[in-house]
Amino acid sequence: MSSPAKRRKLDSGDKKSSVPSRGLEYFFSKQRQGNSSSSAEVTPTVSSTTAQSDEDFARKLQAEFDREALQLSQNSNDVVTKQPSNDSANDEGPPQLSVDRPNDEAKSPPKKVASTLMLQASGITEDTVSSTIPLDESPFTFEPAKYLPRLQESWAGQGGQASYALLTRCFVLVNATSSRIKIVWLATNAISPPYISLELGLGGSAISKALKQVCGLDNRTLRSIYNKYGDAGDVAFEAKKKQSFTLRKPKPLTIKGVYQSLVKIASTQGQGSAEGKQRIVDRLLQDARGGEESRYIVRTLCQHVSYRLVSEERVRPFLLSKPPNAGFEVRDPKEMGKLKKEEVAEIWGRGEEIVKACFARRPNYNDLVPALLEVGVCEELLLRCCITLHVPLRPMLGSITRDLSDMLTKLQGRDFACEFKYDGQRAQVHCDKNGKVSIFSRHLELMTDKYPDLVALIPRIRGDGVDSFIMEGEVVAVDSATGELKNFQTLTNRARKDVEIGSISIQVCLFAFDLMYINGEPLLNRPFRERRELLRSLFIEVPNRFTWVKSLDATSQDSEAVLEFFKSAIENKCEGIMVKVLDNLSTLPNDVDTMGVDASEPAAVSEPTAAKALPSNGSNGKKKGKGKAPDEEEKKAKTRRKPVLATYEPDKRLDSWLKVKKDYHASFETLDLIPIGGWHGQGRKAKWWSPILLAVRNDETGSLEAVCKCMSGFTDAFYKANREFYDDGELTGERNNTSTHRSGFIEYSGPEPDIWFEPQEVWETAFADITLSPTYTAALGLISDERGLSLRFPRFMKKREDKGIEEASTNEFLAALYRKQEARPPAEASTPAEEAEDQE
């Protein structure tokens, strides 16, 4: 690390900076006036400080200031003492000054002392208590109570609030773990539930300005660091290391204080809001102790990565420990350590299913965490965190099938309903007994203001005796006179906020397909046939405004009728059909295996939790073996997957709901992939990104696994827009949604792209087939331990603006498609030209 003198020399040579950088000499020049003889003895020169460390240089300067203060104090009678600031990170007052008195003066009556600036090396301020706690120790041997007194003593100066350094320590340990199994995301990187609109609204310029101001960097130095590291958090880490001194003592950050600062940033609006937000960001970075706190403060402010809080990590602390006054039972960590791996996994899994079910029904940590602290992980938690009005539950999802034949095979022997899959926007409608209406998107975002016409329609559709309800349906743009359906693109042209009914030009119709709550009673555990009957009997149809999805009840024997219904859906501008199991099975034959819900879900964990965490009216799917020993019978039961139930399962993608789209058939699959990087094109495409690296999502680790390079299906207009969206700085002078370095959560072993994208989009991509690949890491270990999976002849179809990256296709789904492909008859051999394109 360069000395302060070297840095001043570097900064002075930056001709692009409109304001010259001010070194330490500037701040102390006035204090050395009148005492030039003393100053001359210690004023550092470039040559003297070059060989000195920053700490030595700081100590030398401080010793001189102490001597000056002592000399002035001997000639004065009054005292002027300014105490360090106790402002929080949210306060906006100027930094206060402090006086350092010699020890021999501390006991004598105070005398007048000149105010001097305290210099402090930035590395000295780092928290040493949190860094010594072995948070990476096994949960079966780690004893939190052993370290609590030290932490409480350390936090006393912050009013007993937990320090941000402790959370940073967790981030550092997670970031240092390379194991695919151990990696988890310990933060959601959100400050509110998705249905409460609270966004930071910060641009990259605010972060850059704060780093330059707090760390004393100029534009050239900051850009050099960014070009080297790419990640904004890593830039902050390096910038903090270059900050040799601070002119005010940082006040240690607390978790609560940082959160309150983020909320204040998001809440600051109106005239002067940009300046107010900037001051808060500056103060956060000023008070960040050391490089690691700075790294994660900036990553939180940037919100570049969608962190994933894995359910088992939320569960385990509450299974092994509890607050002092809590009454729930916990397991003995030492006894847990003696159990077999499979037994431990089963215990974790049971708790995980309960917590996931609670969060899916009420996705708000402000509700979940207090309940966990009070009752722990148990069945009562499901009652405490059940569905409630005006809080959206996470929607149930449907699995994709290859074609109608695949669907009929999956649902053989079951009664099911086929429904039109409309090309619109999924909506969850809440209404209480007072008539208050809330409408949420599939991402749980509040969009009541977008559809005031639907809000006004609710009193007309409520039947007699309906007080409150939660309904789900599809909002579709229609011709109000004829009822003709319009495509999703038409719906996107409708304004999103502050819509006035009189100004609406695009009319919509709500096609209802499910009812999850009625008059205070949840209906999630009722079979779909019952929920549908309640929906159709309790609500009133309004032509071209509110109706039911068009449907057909059938069985796997009615293939001709299902085919005709599918064709009718396509002719009516629908995407295809949804197929839903109508009833739970009352009995299961002994010689027939149950149909799976998710090929990736370990039955050893999911089987025992299905009945306990999510009771239903149907069977729990357990079967008795014939003539088998108890151990063999239990082992066989655990290898079988759960039966397909007709209940509503929030936030799950199950075979009880199947999607059959017009584009799904044996030779034309699609995947929802995430663009993560690009190369400069050749020839006519030289000014654009082509090809583009795409990835699937690993639902277990939160990482993105590269699956292919795509260069087909793009138009020139798309190329241009994509180049502007993913700007490496050549177009505007500043980077936008790009980085020069790969993020740690991206897995790829092939040639590096020219630029890395910040993952945030989902692209629907078609392909010919799936192949094993030594280059791509997608689904590595699921099919082969040495090779991942890749797509042959990938072709861009469209952006999935209705999906976030957390809803992109997973590596498990990709592996399942590969298995299905291998079960089909072999395709025709490819031509040499096709093979060459595939290799590219």
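For the sequence shown, my numbering assigns the number 24 to the initial residue and increments by one for each residue that follows.
The beta-carbon is built from N, C-alpha and C at its ideal position, and this holds for glycine as well.
It should be emphasised that the depicted structure is a prediction, and the values quoted were computed from it without experimental measurement.
Judged by DSSP secondary structure, F536 falls within the beta strand (DSSP E) whose first and last residues are V531 to I541. Segment contact: the segment 435-442 against the segment 565-582, three or more CB-CB distances shorter than 8 Å; contact assigned. If the five residues before and after T291 are omitted, its C-beta is found closer than 6 Å to the C-beta atoms of G299 and K300, all from its own chain and listed in chain order. For S762, the pairing in a beta bridge is given by DSSP as W779. C381 places its beta carbon less than 7 Å from that of L391. Taking the C-beta atoms as reference points, L223 is found no nearer than 7 Å to S215. T191 is classed as buried because its beta carbon has at least 16 other beta carbons within 10 Å across all chains shown.
The Cβ atoms of S503 and N595 do not sit closer than 7 Å to each other.
The Cβ atoms of C441 and V602 lie closer than 7 Å to each other. Counting along the chain, no beta strand (DSSP E) covers L586; the unbroken alpha helix (DSSP H) around it starts and ends at S582 to E594.
Below 8 Å, too few C-beta pairs join the segment 454-468 and the segment 506-526 to call them touching: fewer than three. Bounds of the alpha helix (DSSP H) holding P172 are P167 to W178. With 16 or more neighbouring CB atoms inside 10 Å of its own CB, Y474 falls in the buried class.
Burial is judged here by how many other beta carbons sit within 10 angstroms of a residue's own beta carbon; G313 has at least 16 and is buried. By the Cβ-count criterion, E757 is exposed, with fewer than 16 other Cβ atoms from all chains shown falling within 10 Å of its own Cβ. Taking a cut-off of 8 Å on C-beta distances, the segment 476-495 touches the segment 532-547, as three or more cross pairs fall below it.
Beta-bridge pairing by DSSP links K710 to no other residue. Residue environment: E692 is assigned as buried (16 or more neighbouring CB atoms within 10 Å of its CB, all protein chains considered). G256 places its beta carbon 7 Å or farther from that of R354. For K684, the enclosing beta strand (DSSP E) begins and ends at R676 to K684. Only residues of its own chain outside the window of five on either side were considered, and among them I697, I699, L727 and I828 have a CB closer than 7 Å to the CB of P782, listed in chain order. In this structure, the straight-line span from the alpha carbon of V478 to that of K444 is close to 23 Å.
Taking 8 Å as the upper bound for CB-CB distance, V785 and D695 are in contact here, some 5 Å apart.
DSSP, reduced to helix, strand and coil, places V400 outside both helices and strands of the structure shown, so it counts as coil. Annotated as distal: L395 and F351, with beta-carbon spacing of 7 Å or more. With 16 or more other Cβ atoms inside 10 Å of its own Cβ, E375 counts as buried. Note: A380 is not bridge-paired with any residue in the DSSP secondary-structure output. Taking 4 residues as the minimum length, the alpha helix (DSSP H) runs contained wholly in the segment 273-348 are 278-290, 296-310, 313-325 and 334-343, in order along the chain.
Contact check for F780 and T763: beta-carbon distance about 12 Å, past the 8 Å limit, so the pair fails to qualify.
Considering only W711, K708 and L717, the residue with the shortest C-alpha distance to K732 is L717.
The shortest CA-to-CA distance from R552 to any of V604, Y170 and T155 is the one to V604.
In this structure, S796 sits near S813, with a CB-CB distance shorter than 7 Å.
Q844 sits close to I793, with the two beta carbons spaced by under 7 Å.
The three-state reading of DSSP puts C597 in coil, since its state is none of H, G, I, E or B. A distance below 7 Å separates the beta carbons of T798 and G773.
Taking each of E397, K265 and M430 in turn and checking the Cα distance to V585, the smallest one comes out for M430.
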